[in-house]
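A.B. asks: Chains as they are written, first to last, in my numbering: chain A, 23 to 274; chain B, 23 to 274; chain C, 178 to 478; chain D, 178 to 478.
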Amino acid sequence: MRANLAVQHSGERNGVVRFENVGVRYGSGPEILRDISFELEGGSFHFLTGPSGAGKTSLLKLMYLAQRPTRGLVRLFGRDVTVLKRPELPPLRRRIGVVFQDFRLINHLTALENVALPLRIAGAKKEQIEAHVTELLSWVGLSGQVNAKPPTLSDGEKQRVAIARAVIGRPSLLLADEPTGNIDLDQGLRILRLFEELNKIGTTVVIATHDRSLVSTFRRPELRLQGGDLTLHRPAPTGVDRLRRVDPLPGA
Amino acid sequence: MRANLAVQHSGERNGVVRFENVGVRYGSGPEILRDISFELEGGSFHFLTGPSGAGKTSLLKLMYLAQRPTRGLVRLFGRDVTVLKRPELPPLRRRIGVVFQDFRLINHLTALENVALPLRIAGAKKEQIEAHVTELLSWVGLSGQVNAKPPTLSDGEKQRVAIARAVIGRPSLLLADEPTGNIDLDQGLRILRLFEELNKIGTTVVIATHDRSLVSTFRRPELRLQGGDLTLHRPAPTGVDRLRRVDPLPGA
Amino acid sequence: MFHRSELQLNRDTARRFIPLMVAAMVYLATLALAGAVVVGATVDRWSEGLRGTLTVQLPGGRGDASVAETAARTDTAVSLLLETAGIATAQPVPASDLESLLEPWLGKGNLPADLPVPVLIDVTLDPGARIDLVALQRNLAGVVPGARVSDNGVYLERLVRLARSVQLVAGVVMLLVALAAVAIIVFATRAGLSMHRETIELLHLIGARDAYIARQFVTNALWHGLLGGIIGVVLAAATVAALGVIAGEVALPVAGLRLPEQLSISLVLWLAGGLLIPVVAGLVAMGTARLTVMRTLRQVL
Amino acid sequence: MFHRSELQLNRDTARRFIPLMVAAMVYLATLALAGAVVVGATVDRWSEGLRGTLTVQLPGGRGDASVAETAARTDTAVSLLLETAGIATAQPVPASDLESLLEPWLGKGNLPADLPVPVLIDVTLDPGARIDLVALQRNLAGVVPGARVSDNGVYLERLVRLARSVQLVAGVVMLLVALAAVAIIVFATRAGLSMHRETIELLHLIGARDAYIARQFVTNALWHGLLGGIIGVVLAAATVAALGVIAGEVALPVAGLRLPEQLSISLVLWLAGGLLIPVVAGLVAMGTARLTVMRTLRQVL
Ligand SMILES: Nc1ncnc2c1ncn2[C@@H]1O[C@H](COP(=O)(O)OP(=O)(O)OP(=O)(O)O)[C@@H](O)[C@H]1O
Ligand SMILES: Nc1ncnc2c1ncn2[C@@H]1O[C@H](COP(=O)(O)OP(=O)(O)OP(=O)(O)O)[C@@H](O)[C@H]1O
Ligand SMILES: [Mg+2]
Ligand SMILES: [Mg+2]
Chain A
23 MRANLAVQHS GERNGVVRFE NVGVRYGSGP EILRDISFEL EGGSFHFLTG
73 PSGAGKTSLL KLMYLAQRPT RGLVRLFGRD VTVLKRPELP PLRRRIGVVF
123 QDFRLINHLT ALENVALPLR IAGAKKEQIE AHVTELLSWV GLSGQVNAKP
173 PTLSDGEKQR VAIARAVIGR PSLLLADEPT GNIDLDQGLR ILRLFEELNK
223 IGTTVVIATH DRSLVSTFRR PELRLQGGDL TLHRPAPTGV DRLRRVDPLP
273 GA
Chain B
23 MRANLAVQHS GERNGVVRFE NVGVRYGSGP EILRDISFEL EGGSFHFLTG
73 PSGAGKTSLL KLMYLAQRPT RGLVRLFGRD VTVLKRPELP PLRRRIGVVF
123 QDFRLINHLT ALENVALPLR IAGAKKEQIE AHVTELLSWV GLSGQVNAKP
173 PTLSDGEKQR VAIARAVIGR PSLLLADEPT GNIDLDQGLR ILRLFEELNK
223 IGTTVVIATH DRSLVSTFRR PELRLQGGDL TLHRPAPTGV DRLRRVDPLP
273 GA
Chain C
178 MFHRSELQLN RDTARRFIPL MVAAMVYLAT LALAGAVVVG ATVDRWSEGL
228 RGTLTVQLPG GRGDASVAET AARTDTAVSL LLETAGIATA QPVPASDLES
278 LLEPWLGKGN LPADLPVPVL IDVTLDPGAR IDLVALQRNL AGVVPGARVS
328 DNGVYLERLV RLARSVQLVA GVVMLLVALA AVAIIVFATR AGLSMHRETI
378 ELLHLIGARD AYIARQFVTN ALWHGLLGGI IGVVLAAATV AALGVIAGEV
428 ALPVAGLRLP EQLSISLVLW LAGGLLIPVV AGLVAMGTAR LTVMRTLRQV
478 L
Chain D
178 MFHRSELQLN RDTARRFIPL MVAAMVYLAT LALAGAVVVG ATVDRWSEGL
228 RGTLTVQLPG GRGDASVAET AARTDTAVSL LLETAGIATA QPVPASDLES
278 LLEPWLGKGN LPADLPVPVL IDVTLDPGAR IDLVALQRNL AGVVPGARVS
328 DNGVYLERLV RLARSVQLVA GVVMLLVALA AVAIIVFATR AGLSMHRETI
378 ELLHLIGARD AYIARQFVTN ALWHGLLGGI IGVVLAAATV AALGVIAGEV
428 ALPVAGLRLP EQLSISLVLW LAGGLLIPVV AGLVAMGTAR LTVMRTLRQV
478 L
């Protein structure tokens, strides 16, 4: 208990996310995550990797408060999430931006309205929203689809709308689940640079991905999930530009 | 007219899919695809590449009869799809297996039931179905999730269920839209080998992907979509095992 | 394990409304039908007793001396009546009957012997015959001064007209209610089609025929129709029974309208209706759903 | 462009049922209410006229000589009645009134002068008084042999009992119907919550409060309640008006039940109800929806 208090008083800078012996189990199945302990400092940038079904999404869900751990302690911004009361959740969630693996766009709202949603919910004025949102949409290459609705967008376009929605509120914590799964390499790199920009101004970033080329290109520490265990891997001190080696097309 | 008849009589072996001056336009927007002409011979294996929003999914939709071209001629198995009558569609569709980019699983059916669906619709007997489906599910690494429903599956697992459903009926034409977008590299390779097996026994395969490493590893002809135009690229005559170069982890 | 249908329409919470809506419609239709039956039966009883009858009234003579005279005048009138085309029988009402009619007013035994009691003649017409009452009255007054013809049918005809309009209203209600039920099913089916659009598109794309998809809606609609029909009929029967008990307890003063009796008479009818109405509701729902699905699906690729 | 709500509940085709369901409930409730009002008014009129009255009948005397004798007996009876505790007035019915009552039976002008027409005395009681009828009859027969007391209230009391049970039934119907309407709203809200589960989860995850989500359901329910209420009341008014026209045309033979008159009397009531009922329906729907949403949402993370 004392140890926990100490962490809480240490503020947000060190310890935006803190897991202690966290375990997750669905129903009566095996533990998907077991004894996970780690701490993400404010302003850090991590990849989260692991094979399909390893529990990447489950781990992120704990962080964006969509799920409670079966056991162990999860702290966000210095607060123990297991004892949070219901009205305390929204303010916390508004500080977290999430790119969902399955996008979760609202089909009858336009791209613009979807991206504006977090601002609207936080009570921002219309006028303030629109210019800002339009600018961000053109940044992710969707200036032509501002008023298109998700069913008329390609999957890569949907993913970019989802990314724009996650970052529009300049969150303190950005969680992206496979954010480039449906996007080609160039646009993927562009998006990751957007995340790096945010990271520079203080946002803590966690990106779940199975794309090794992304991990090797950006040379950031990697949280690797395997068999329910989490291990931290730091990039090798010297890195070739591995992306280059993959880039040229074989048949071109 | 005579030319068309000639193609029709030439049978399925050469010309499972044939596009002539095909154009697609949504509403009053620009043409997403324009003047596309190509022919896929029976037993061929192609990648379909292009940046996000280039029209890969739209092109596949024409092939799996989810959409009619705005102009031009589309032939499947030697038949002009624009003049097909409604009752003629199902038998044709049963010869086509599709991996949808967004999976399209039925949430209240188990993985087993989802995969069995095409057989069930074609009127197969329960007993024949079950063993076959279970075997295929374990092939894609889901032997432990046979009775799980999609909402409890990870996205990569869902994608593999979708792949199993597409191949269960040994289709004559297999269309896969970004089939490895949510799967890690090892499983992706495994799945592509499954497609190659099917291809060996005569299935015509088209795989839309933005994953260049996949294209370079499998060294198959590539249909490249860009700005509404389609171009064919054959792999360079000699190929290094490019995958190897990407494989080793930087921090491991 | 393969028994599960792809659409699982019966698990849409919103669709649970449908049997209730159908039940409401069947309830109203059944009440209307019951009302029409009861009114019909009542009118028939009235008609049996009164339809096709006339009453002729001759002035009574005063004093003992006039008894013979009265009898003669009665005979004259009766024979004239019997000669008239369309009249089947003419029967003088016995004086004792008449006296008992007057008793409430004059007190029993207070009737003076020389009271000029009028003579009433009950006349029945041939079935379907229509008599020119004015001509008859003139002819009768010619042979027996003061004779008057009164047509029981006038009052009755008003009542019958009321009854018939009640039956008409009941019929219109039934028609409207049936249309509403069909509209509900069409609407529910459309809603189901739109709610499950994606699944239906998938089923099409993997080679399902329209009939395969329609079957799930049809089964669902049949079940909803049956269930709604049963609930509606049971509620309606309960309502009518309750009304019957209340009305029976106070012996409704309206002539001839004895609800419980009429209802027990038509017990067989109730049983038949109780079985038939849900079946009809189910079949109508089924047909409607099938038509709607096939039509809607024909519009997609 | 930001006016669009995230859930767009009003675009769910299945939800279009709800105003219709509410309308059906309001329709039934309004009909029940109208029935209760009409029956109540009718009973009040009967009561005014008949409650607390008795009729005393004295035998009539025969011949001119007995006129004086009859008058004397009448006076004796009246004074005895007025002395009795609980009796307010006692008024002989004029002979001419009585004769007009007999006319249908004897024919106009046929009434012999020496007809032993009985004397009727209308008696009204003090408000709330209860009379021992047996004792009164005995006392009267002591002074005027043959005098009889008849209690109009017996027949009336039966009718009133019928009317009250009809009103009770109407009340029960209204209660049931109100409960059903609440159940429908609860059900519809739950269905909406489950149908939009994913969107609601998303809204939560990006920081929406329960109240933000509830608002969309509450607005929707208010609108459904109002709309359903208006449709229901209008249909009910039309139905009652139609019944009134039909009943009025045939001059319903049931004593005192004159539907159209009663309905036009309560026109103000109709207008008030027409405004009030939809508003109440809307508010009830709103409150129910809010409670349901807040309760359901409290169960998710
Ligand atoms: N709600 C649930 N109920 C039961 N099991 C679940 C549930 N959600 C996830 N699982 C299981 O937990 C495991 C981990 O799932 P998770 O989605 O976290 O994996 P992942 O690492 O994100 O995989 P992917 O890369 O395929 O998205 C999977 O085996 C999955 O089947
Ligand atoms: N139903 C539709 N209505 C209007 N526009 C559409 C529709 N479907 C697709 N589009 C547009 O057509 C273009 C091509 O879409 P398509 O889905 O074919 O792209 P794609 O190559 O599959 O992209 P991705 O790699 O992102 O999946 C996109 O710009 C998209 O917005
Ligand atoms: Mg995942
Ligand atoms: Mg696509």
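Note that beta-carbon positions come from the ideal geometry of N, C-alpha and C, so glycine has one too. On a predicted model such as this, the values are computed, not experimentally measured, just so you know.
Can you tell me whether Ser160(A) is buried or exposed, with buried defined as 16 or more other CB within 10 angstroms of its CB?
C.D. replies: For the purposes of this step, residue 160(A) is identified with residue 138 of the first sequence, where counting begins at 1. Exposed is the call here.
A.B. asks: Leaving out five residues before and five after Thr132(B) in sequence, what residues of the same chain have Cβ atoms less than 8 Å from its Cβ?
C.D. replies: Here residue 132(B) is taken as the residue at index 110 of the second sequence, counted from 1. These residues qualify, in order along the chain: Val168, Asn169, Ala170, Lys171.
A.B. asks: Could you check what DSSP says for Met351(C) in three-state terms: helix, strand or coil?
C.D. replies: The sequence position of residue 351(C) within the third sequence is 174, counting from 1. The answer is helix: DSSP assigns Met351(C) an H, G or I state.
A.B. asks: How is Ala249(C) classed by DSSP in three states: helix, strand or coil?
C.D. replies: Taking the third sequence and counting its residues from 1, the one referred to as residue 249(C) is at position 72. Residue state, collapsed to three classes: helix.
A.B. asks: Run through DSSP, which three-state label would Val233(C) get?
C.D. replies: By one-based count along the third sequence, residue 233(C) stands at place 56. Val233(C) falls in the strand class under three-state DSSP.
A.B. asks: Which residue's Cα is closest to the Cα of Ala318(C): Gly406(C), Val255(C), Gln268(C)?
C.D. replies: Taking the third sequence and counting its residues from 1, one reaches residue 318(C) at position 141. For Ala318(C), the nearest C-alpha among the options comes from Val255(C).
A.B. asks: For Arg154(A), would you say it is in contact with chain D, using Cβ-to-Cβ distances shorter than 8 Å as the test?
C.D. replies: In the first sequence, the residue the question calls residue 154(A) occupies position 132. The sequence shown places His at residue 154(A), rather than the Arg named in the question. No, His154(A) lies away from the interface with chain D (no Cβ there is under 8 Å from its Cβ).
A.B. asks: Check the Cβ-Cβ distances between His255(A) and every residue of chain D, and say whether any is below 8 Å.
C.D. replies: Within the first sequence, residue 255(A) is the residue found at index 233, counting from 1. No, no contact with chain D.
A.B. asks: If Gly75(A) sits next to Ser176(B), beta carbons under 8 Å apart, how far is it from one beta carbon to the other, in whole angstroms?
C.D. replies: Here residue 75(A) refers to the residue found at position 53 when the first sequence is read from its first residue. Here residue 176(B) refers to the residue found at position 154 when the second sequence is read from its first residue. 5 Å between Cβ atoms; contact.
A.B. asks: CA-CA distance, Phe179(D) and Gln185(D)?
C.D. replies: The sequence position of residue 179(D) within the fourth sequence is 2, counting from 1. The sequence position of residue 185(D) within the fourth sequence is 8, counting from 1. Note that Phe179(D) scores 44 on pLDDT, short of 50, meaning its location in the model is unreliable and no value can be drawn from it.
A.B. asks: Comparing the CB of Thr231(A) with every heavy atom of ligand 3, is any distance shorter than 7 Å?
C.D. replies: For the purposes of this step, residue 231(A) is taken as residue 209 along the first sequence, with counting starting at 1. Because no heavy atom of ligand 3 lies under 7 Å away, the Cβ of Thr231(A) does not count as near it: no.
A.B. asks: Let me know the secondary structure DSSP gives Ser59(A) once reduced to three states.
C.D. replies: For the purposes of this step, residue 59(A) is taken as residue 37 along the first sequence, with counting starting at 1. Ser59(A) falls in the strand class under three-state DSSP.
A.B. asks: Between which two residues does the beta strand (DSSP E) carrying Arg93(A) extend?
C.D. replies: Residue numbering aside, residue 93(A) sits at position 71 when the first sequence is read from its first letter. Following the DSSP letters along the chain, one finds Arg93(A) inside the beta strand (DSSP E) bounded by residues 93-98.
A.B. asks: Identify every residue that forms a DSSP beta bridge with Thr226(B).
C.D. replies: Looking up residue 226(B) in the second sequence gives position 204. Note: Thr226(B) sits in a beta bridge opposite Leu195(B).
A.B. asks: With a threshold of 8 Å on Cβ separation, who are the neighbours of Ala391(C) within its own chain once the five nearest residues in sequence on each side are excluded?
C.D. replies: One-based indexing of the third sequence puts residue 391(C) at position 214. Around Ala391(C): Ala466, Arg467, Val470, Met471, Leu474.
A.B. asks: For Ile362(D) and Thr376(C), I'd like the C-alpha separation in whole angstroms.
C.D. replies: Translated into the one-based positions of the fourth sequence, residue 362(D) becomes position 185. Translated into the one-based positions of the third sequence, residue 376(C) becomes position 199. Computed Cα separation, rounded: 28 Å.
A.B. asks: In this structure, how does DSSP classify Leu205(D) when only helix, strand and coil are distinguished?
C.D. replies: Counted from its first residue, the fourth sequence places residue 205(D) at position 28. Helix.
A.B. asks: Nearest chain D C-beta to Ala201(C) closer than 8 Å, yes or no?
C.D. replies: For the purposes of this step, residue 201(C) is taken as residue 24 along the third sequence, with counting starting at 1. Yes, Ala201(C) lies at the interface with chain D (some Cβ there is under 8 Å from its Cβ).
A.B. asks: Taking only three categories from DSSP, how would you classify Pro271(D)?
C.D. replies: Locating residue 271(D) in the fourth sequence gives position 94, counting from the first residue. Three-state result, Pro271(D): coil.
A.B. asks: Kindly indicate if chain C contains any beta-carbon less than 8 Å away from that of Ile128(B).
C.D. replies: Counted from its first residue, the second sequence places residue 128(B) at position 106. Answer yes: the Cβ-Cβ gap between Ile128(B) and chain C drops below 8 Å somewhere.
A.B. asks: Okay, do the stretch 43-52 of chain B and the stretch 88-95 of chain B touch, 3+ Cβ pairs below 8 Å being the bar?
C.D. replies: yes
A.B. asks: Taking 7 Å as the line, does the beta carbon of Tyr86(B) fall inside it for any heavy atom of ligand 5?
C.D. replies: As presented, the structure is devoid of ligand 5, carrying ligand 1, ligand 2, ligand 3 and ligand 4 as its sole ligands.
A.B. asks: If we ignore side chains and look at the alpha-carbon of each, how far apart do Lys222(B) and Lys147(B) end up?
C.D. replies: On the second sequence, position 200 is the one that residue 222(B) refers to. On the second sequence, position 125 is the one that residue 147(B) refers to. Approximately 27 Å, taken between the alpha carbons.
A.B. asks: Are the beta-carbon atoms belonging to Arg242(A) and Phe69(A) less than 8 Å from one another?
C.D. replies: Here residue 242(A) is taken as the residue at index 220 of the first sequence, counted from 1. Here residue 69(A) is taken as the residue at index 47 of the first sequence, counted from 1. The answer is yes: Cβ separation under 8 Å.
A.B. asks: Excluding the 5 residues flanking Asp124(B) on each side, which residues of the same chain have their C-beta closer than 7 Å to its C-beta?
C.D. replies: Counting from 1 along the second sequence, the entry for residue 124(B) is found at position 102. Excluding positions up to five away in sequence, the list is empty.
A.B. asks: Give the secondary structure of Glu42(A) by DSSP, where H, G and I count as helix, E and B as strand, and everything else as coil.
C.D. replies: To locate residue 42(A), count along the first sequence from 1; it is residue 20. Look at Glu42(A) here: in three-state DSSP terms it is strand.
A.B. asks: Shorter than 8 Å from the beta carbon of Met351(D) to some beta carbon of chain C?
C.D. replies: As a first step, residue 351(D) is located in the fourth sequence; it is residue number 174 there, counting from the start. By this cut-off, Met351(D) is not an interface position.
A.B. asks: Examine the Cβ distances between the stretch 99-107 of chain B and the stretch 222-238 of chain A and report whether three or more of them are shorter than 8 Å.
C.D. replies: no
A.B. asks: Check this for me: beta carbons of Ile298(D) and Leu258(D), under 8 Å apart or not?
C.D. replies: Along the fourth sequence, one-based indexing puts residue 298(D) at 121. Along the fourth sequence, one-based indexing puts residue 258(D) at 81. Cβ distance < 8 Å, so Ile298(D) and Leu258(D) count as in contact.
A.B. asks: Would you mind sorting Thr366(D) into buried or exposed? The rule is 16 or more other CB atoms within 10 Å of its CB.
C.D. replies: Taking the fourth sequence and counting its residues from 1, the one referred to as residue 366(D) is at position 189. That one is buried.
A.B. asks: Would you please verify whether the beta carbon of Ala466(D) is less than 8 Å from any beta carbon of chain C?
C.D. replies: Here residue 466(D) corresponds to residue number 289 of the fourth sequence, with the count starting at 1. The beta carbon of Ala466(D) does not come within 8 Å of any beta carbon belonging to chain C, so the residue lies off that interface.
A.B. asks: Along chain B, in chain order, which residues have C-beta atoms closer than 8 Å to that of Gln123(A)?
C.D. replies: The count along the first sequence starts at 1 and reaches residue 123(A) at position 101. Simply Asp177, Asn204.
A.B. asks: When you compare only the Cα positions, how much space is there between Gly51(B) and Leu134(A)?
C.D. replies: The residue labelled residue 51(B) in the question sits at position 29 within the second sequence. The residue labelled residue 134(A) in the question sits at position 112 within the first sequence. Approximately 19 Å, taken between the alpha carbons.
A.B. asks: Give the interface partners of Ala198(A) over in chain D, defined as CB-CB distance under 7 Å, in chain order.
C.D. replies: If you number the first sequence from 1, residue 198(A) lands on position 176. The contacting residues do not exist; Ala198(A) stays about 14 Å from chain D at best.
A.B. asks: For ligand 3, list every residue whose C-beta falls under 6 Å from any of its heavy atoms, going in chain order.
C.D. replies: Lys78(A), Thr79(A), Gln123(A), Asp199(A), Ser176(B), Asp177(B)
A.B. asks: If we ignore side chains and look at the alpha-carbon of each, how far apart do Val39(A) and Glu63(A) end up?
C.D. replies: The count along the first sequence starts at 1 and reaches residue 39(A) at position 17. The count along the first sequence starts at 1 and reaches residue 63(A) at position 41. Straight-line Cα distance between these residues: approximately 7 Å.
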